[in-house]
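Participant: In the working numbering, the protein residues as written are -3 to 144.
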Ligand code: CO
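#1: Taking residue 77 as the reference, give the member of 62, 137 and 132 with the closest Cα.
#2: Around the C-beta of residue 79, are 16 or more other C-beta atoms found within 10 angstroms, so that it is buried, or is it exposed?
#3: Quick one: is the Cβ of residue 130 within less than 7 Å of any heavy atom of the ligand CO?
#4: In the stretch 60 to 129, which residue ranges form an unbroken alpha helix (DSSP H) of at least 4 residues, counting only runs that do not cross its ends?
#5: Could you check if residue 133 belongs to the surroundings of the ligand CO, using beta carbon to heavy atom distance under 7 Å?
#6: To the nearest angstrom, report how far apart residue 93 and residue 16 are at their CA atoms.
#7: Please report the distance separating the alpha-carbon of residue 130 from that of residue 60.
#8: Whose CA, out of 66, 105 and 98, lies closest to the CA of residue 58?
#9: Using CA coordinates, which residue listed in 74, 47, 87 and 67 is at the minimum distance from residue 117?
#10: Residue 47: which of 135, 114 and 144 sits nearest, CA to CA?
#11: Identify which residue in 44, 41 and 51 has its Cα closest to the Cα of residue 31.
#12: Using C-beta distances below 6 Å, list every residue in its chain close to residue 20, excluding the 5 sequence neighbours before and after it, in chain order.
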């Protein structure tokens, strides 16, 4: 009986189509204070997920800095406010902020960075946003993080 169940379980695993999960995404930010996407899809089966950020502009970090911060949608505005207080020395992210699920460092024109985080930090179907926490950017440079 036990052997039968084990075999059935094995067969069902083998029947799953061999579709490789997409476990990273590249987001571009520009000198016009825009990201090139309004959505990041995170597949929880990845275990770890990487967000690459490419600043395609030319303006220096002090004038047009971009990062990618991921929080629950409900936390975004408060996290952004605290980020402004935290200032550029902290890449505009309050240190040890538990509401921040993941964030990249802050980059300027021509620079790139990335962050890798465990997908356990996200719940499937949860309401998450990504945004740039540079002062004044969060309301425009933002989108949804869709967890599946
Ligand atoms: Co920005």
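Glycine included, every Cβ here is placed at the ideal spot set by N, Cα and C.
Facilitator: Short version:
#1: Taking each of 62, 137 and 132 in turn and checking the Cα distance to residue 77, the smallest one comes out for 132.
#2: Counting Cβ neighbours within 10 Å, residue 79 comes out buried, since at least 16 surround it.
#3: It does: the Cβ of residue 130 is within 7 Å (strictly closer) of some heavy atom of the ligand CO.
#4: 72 to 82
#5: Flag set: Cβ of residue 133 near the ligand CO.
#6: Cα to Cα, residue 93 sits roughly 33 Å from residue 16.
#7: 8 Å
#8: 105
#9: Ranked by how close their Cα comes to the Cα of residue 117, the residues 74, 47, 87 and 67 have 67 in first place.
#10: 114
#11: Of the listed residues, the one whose Cα sits closest to residue 31 is 51.
#12: Sequence-distant partners of residue 20 (beyond 5 residues in either direction) whose C-beta falls short of 6 Å from its own C-beta, in its chain, are 46.
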